[in-house]
Amino acid sequence: MTWVLKTAQASLSLFTKKSDMSTILITGGTGLIGAALSKELLASGHQLIILTRGTKTSLQAGLRYAAWDPAKGEIDLEAVLEADYIIHLAGAGVAEKRWSKKRKQEILDSRVESGKLLVKTLTTHPNKVKALVSSSAIGYYGADPVIPNPRPFTEDDPASDDFLGKTCVAWEKSLDGLDGLHGTAIRVVKFRTGIVLANEGGALREFAKPLRFGLATILGSGRQVISWIHIGDMVRLYINAVSDPSVTGVFNAVAPKPVSNKELVLKLAKLERKNSFIPIHVPSFALRLAMGEMSTEVLKSSTVSCDKLHIAGFNFLYPSIDAALENLVSQHNP
Ligand SMILES: NC(=O)c1ccc[n+]([C@@H]2O[C@H](COP(=O)([O-])OP(=O)(O)OC[C@H]3O[C@@H](n4cnc5c(N)ncnc54)[C@H](OP(=O)(O)O)[C@@H]3O)[C@@H](O)[C@H]2O)c1
1 MTWVLKTAQA SLSLFTKKSD MSTILITGGT GLIGAALSKE LLASGHQLII
51 LTRGTKTSLQ AGLRYAAWDP AKGEIDLEAV LEADYIIHLA GAGVAEKRWS
101 KKRKQEILDS RVESGKLLVK TLTTHPNKVK ALVSSSAIGY YGADPVIPNP
151 RPFTEDDPAS DDFLGKTCVA WEKSLDGLDG LHGTAIRVVK FRTGIVLANE
201 GGALREFAKP LRFGLATILG SGRQVISWIH IGDMVRLYIN AVSDPSVTGV
251 FNAVAPKPVS NKELVLKLAK LERKNSFIPI HVPSFALRLA MGEMSTEVLK
301 SSTVSCDKLH IAGFNFLYPS IDAALENLVS QHNP
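Numbering (the numbering used here), first residue to last: 1 to 334.
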């Protein structure tokens, strides 16, 4: 394995020989992870095609947009046939809206229908795709069975029976069929992704919002464990998974040291505000009222292991929450 890489630049250098310049198709490439990943891939000279449901025109060299609509089974075939690799990130935002019955269906369908459409397209048209690297989520595992000090979930653990567990199972399964059964042999990698910490969006931005008013909002007891990963390491994982032919199968994409909600919020508050903040607990019942069923996700503990990544030789640039938050806060508070 070639994952023993110390810096983001080193990880890219794997992939930057002229002969290795590839065309990479990214579904959902307009989102949080996709935008960060696109920036790195473009900087290292790759050709990118972003599959989007929107209508976008690129003014950037090396980047073009192509259209698809997984709900209608429509996809720009030419774009797929041009690709050497596919990175599959598309899916309706899990924490974006309250989980009504309709929204849950949308969260599920947007992942499963898009996965099936990719597989159908790849298995019915001769193509040159070498690997498909997809997101999944640690929601696969559900809540820690014992608190505190549970055994961290590994890739061999069974899926949870709750909504996110079932969604992740169907999402991962939608990508089956590329292993040669239908005459294709495309390497498939799936990242069960933890909470991605980034300045541009996601959970960290939500934690940072009340800090503008000097409030460090701890959710519920604050003891629930968050398995997280810095956006920079997430991007490196995708790039390495694409470029290293020995990487295959399912990996948990989380940093080595999960933290409690309270620890994360207070560390962020100290970095952002020094000592000028007030910690407040938002009671669990208030979260349930405000968020409905989705509140279970912010209140549950989920302790996930990254041992498989370590064994594969992946070195995290941001293994601890201190390193991750110091880096992220320094980007806007130099
Ligand atoms: N960020 C995290 O903390 C985290 C944690 C675990 C797993 N993940 C997973 O990683 C993937 C990427 O995450 P992200 O944070 O970058 O997501 P994101 O910012 O929400 O972007 C996802 C992209 O998916 C596309 N999309 C949205 N609704 C869709 C629908 N109904 N049908 C098809 N496509 C749709 C959108 O692209 P267009 O509008 O251009 O089509 C959007 O830009 C997602 O599948 C997410 O569930 C993320």
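Ideal Cβ placement from N, Cα and C applies to all residues, glycine included.
Distance, residue j Cα to residue i Cα
{"i": "residue 14", "j": "residue 243", "result": "The predicted model places residue 14 with a pLDDT of 41, which falls under 50 and marks its position as unreliable; any figure quoted below should be read in that light. Cα to Cα, residue 14 sits roughly 7 Å from residue 243."}
{"i": "residue 316", "j": "residue 292", "result": "35 Å"}
{"i": "residue 63", "j": "residue 285", "result": "46 Å"}
{"i": "residue 83", "j": "residue 263", "result": "43 Å"}
{"i": "residue 6", "j": "residue 327", "result": "Its pLDDT being 40, under 50, residue 6 is placed unreliably in this model, and the value from its coordinates should be taken loosely. So the alpha carbons of these two residues sit roughly 16 Å apart."}
{"i": "residue 42", "j": "residue 101", "result": "39 Å"}
{"i": "residue 324", "j": "residue 209", "result": "18 Å"}
{"i": "residue 321", "j": "residue 116", "result": "36 Å"}
{"i": "residue 336", "j": "residue 295", "result": "For residue 336 there is no data in the structure shown, the boundaries of the chain being 1 and 334."}
{"i": "residue 34", "j": "residue 155", "result": "24 Å"}
{"i": "residue 25", "j": "residue 66", "result": "9 Å"}
{"i": "residue 22", "j": "residue 69", "result": "25 Å"}
{"i": "residue 45", "j": "residue 290", "result": "45 Å"}
{"i": "residue 50", "j": "residue 280", "result": "41 Å"}
{"i": "residue 93", "j": "residue 227", "result": "18 Å"}
{"i": "residue 103", "j": "residue 79", "result": "29 Å"}
{"i": "residue 275", "j": "residue 98", "result": "34 Å"}
{"i": "residue 205", "j": "residue 95", "result": "13 Å"}
{"i": "residue 32", "j": "residue 196", "result": "9 Å"}
{"i": "residue 335", "j": "residue 124", "result": "With the chain covering only 1 through 334, there is no way to say anything about residue 335."}
{"i": "residue 129", "j": "residue 121", "result": "11 Å"}
{"i": "residue 297", "j": "residue 180", "result": "37 Å"}
Cβ-based neighbour list, residue i, same chain, cut-off 6 Å, excluding 5 preceding and 5 following
{"i": "residue 134", "result": "88, 175 and 190"}
{"i": "residue 172", "result": "136 and 190"}
{"i": "residue 91", "result": "110 and 111"}
{"i": "residue 38", "result": "29 and 48"}
{"i": "residue 52", "result": "30 and 65"}
{"i": "residue 40", "result": "235"}
{"i": "residue 147", "result": "301"}
{"i": "residue 277", "result": "214, 216 and 269"}
{"i": "residue 81", "result": "127"}
Among the options, nearest to residue i - alpha-carbon criterion
{"i": "residue 138", "options": "148, 132 and 152", "result": "152"}
{"i": "residue 185", "options": "127, 69 and 78", "result": "127"}
{"i": "residue 261", "options": "221, 290 and 250", "result": "221"}
{"i": "residue 72", "options": "265, 95 and 114", "result": "114"}
{"i": "residue 145", "options": "302, 47 and 167", "result": "302"}
{"i": "residue 164", "options": "129, 255, 53 and 108", "result": "108"}
{"i": "residue 251", "options": "331, 306 and 69", "result": "306"}
{"i": "residue 258", "options": "57, 150 and 201", "result": "150"}
{"i": "residue 234", "options": "105, 281, 309 and 94", "result": "309"}
{"i": "residue 200", "options": "49, 332 and 22", "result": "332"}
{"i": "residue 229", "options": "78, 52, 61 and 319", "result": "319"}
{"i": "residue 75", "options": "31, 59, 60 and 54", "result": "54"}
Cutoff 7 Å; reference residue i; Cβ partners in own chain excluding five residues on either side
{"i": "residue 273", "result": "211 and 214"}
{"i": "residue 299", "result": "219, 220, 224, 284 and 287"}
{"i": "residue 329", "result": "271 and 272"}
Short CB-CB distance (under 8 Å) between residue i and chain C
{"i": "residue 268", "result": "No chain C is part of this structure, which consists of one protein chain only."}
Chain-order list of residues whose beta-carbon lies under 8 Å from that of residue i (same chain, five-residue window excluded)
{"i": "residue 131", "result": "85, 86, 186, 187, 188, 189, 241, 242 and 245"}
{"i": "residue 159", "result": "140, 141, 142, 165, 166, 168 and 169"}
{"i": "residue 57", "result": "65"}
{"i": "residue 282", "result": "217, 218, 219 and 220"}
Inter-residue CB distance, residue i and residue j (contact presumed, cutoff 8 Å)
{"i": "residue 162", "j": "residue 142", "result": "5 Å"}
{"i": "residue 177", "j": "residue 119", "result": "5 Å"}
{"i": "residue 269", "j": "residue 216", "result": "4 Å"}
{"i": "residue 237", "j": "residue 253", "result": "6 Å"}
{"i": "residue 36", "j": "residue 198", "result": "7 Å"}
Original post:
Which parts of the segment 213-261 are runs of the alpha helix (DSSP H), unbroken and 4 residues or longer, counting only runs that do not cross its ends?
Top reply: Segments of the alpha helix (DSSP H) lying fully in the segment 213-261: 231-243.
**OP:** At 3 residues or longer, and completely inside the segment 143-218: list those beta strand (DSSP E) runs for me, N to C.
**Re:** 187-193 and 195-197
**OP:** Enumerate, from N- to C-terminal direction, the unbroken alpha helix (DSSP H) stretches of 4 or more residues contained entirely within the segment 68-105.
**Re:** Complete alpha helix (DSSP H) runs here, min 4: 77-82.
Original post:
Residue ranges of each beta strand (DSSP E) run of no fewer than 3 residues wholly in the segment 19-51, ordered along the chain?
Top reply: 23-27
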